[in-house]
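Below: the structure, in structure tokens.
Right under this line is the structure:
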């Protein structure tokens, strides 16, 4: 893209970065929510979300990890990431409650569930092995098991 082409699409660098954050929020959150919501069974929705979240491709976490690293140093990006995180945790809470998890524990479980893939990005980013399918099934079982 030439500088002329850049200014045809974006007024300035900040406008480009704002558009990038909006696209990330849309494709990494709203499109996934739409896809997961198309599944009828509540447990199958959680399974679908898990499958989409823990993709096995080599680019795991690519844009997600980059956005998160950027938000650590950019005061404009950080609140956008915070809003997306809050939206995602609220959605996972909703899914857990729909699967029968007690509403008094669903938000905490959703937060823990959400932080697992964030840690997985760091783990795999330095060459660590991905979570296995069995480990992911166990995670889902832990999330939906009633408290004692």
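Residue numbers (our numbering): 31 to 178. The beta-carbon is built from N, C-alpha and C at its ideal position, and this holds for glycine as well. Source: prediction; values computed, not measured.
{"Query": "Leaving out the 5 sequence neighbours to the left and right, which residues in its chain are closer than 6 Å to residue 75 when beta-carbon positions are compared?", "Result": "66, 69 and 125"}
{"Query": "How would you write the range of the alpha helix (DSSP H) that residue 94 sits in, first residue to last?", "Result": "92-101"}
{"Query": "Closest by CA to residue 177, which one among 163, 47, 131 and 141?", "Result": "131"}
{"Query": "Rounded to whole angstroms, what's the CA-CA distance from residue 181 to residue 44? Just pull it up for me.", "Result": "Only positions 31 to 178 of the chain appear in this structure, which leaves residue 181 out of reach."}
{"Query": "Whole angstroms are fine: how far does the CA of residue 129 sit from the CA of residue 50?", "Result": "34 Å"}
{"Query": "Would you check if the distance between the CB atom of residue 119 and the CB atom of residue 141 is smaller than 9 Å?", "Result": "yes"}
{"Query": "I'd like the span of the alpha helix (DSSP H) that includes residue 57, first residue to last.", "Result": "Neither: residue 57 is in no alpha helix (DSSP H) and is coded neither H nor E."}
{"Query": "What's the C-alpha gap between residue 80 and residue 61?", "Result": "15 Å"}
{"Query": "When the distance is taken between beta carbons, is residue 122 closer than 9 Å to residue 55?", "Result": "no"}
{"Query": "Can you list, in chain order, the residues of its chain with a C-beta nearer than 7 Å to that of residue 136? Leave out the 5 residues immediately preceding and following it.", "Result": "123, 126 and 127"}
{"Query": "Using a Cβ-Cβ cut-off of 7 Å (strictly less than) and excluding sequence neighbours within five positions of residue 95, which residues of its own chain qualify?", "Result": "151 and 155"}
{"Query": "Alpha carbon to alpha carbon, how far is residue 148 from residue 73? Give it in angstroms, no decimals.", "Result": "22 Å"}
{"Query": "Taking the straight line between their C-alpha atoms, what separation do you get for residue 42 and residue 48?", "Result": "10 Å"}
{"Query": "Should residue 143 and residue 173 be called a contact, given that it needs their Cβ atoms to be closer than 9 Å?", "Result": "yes"}
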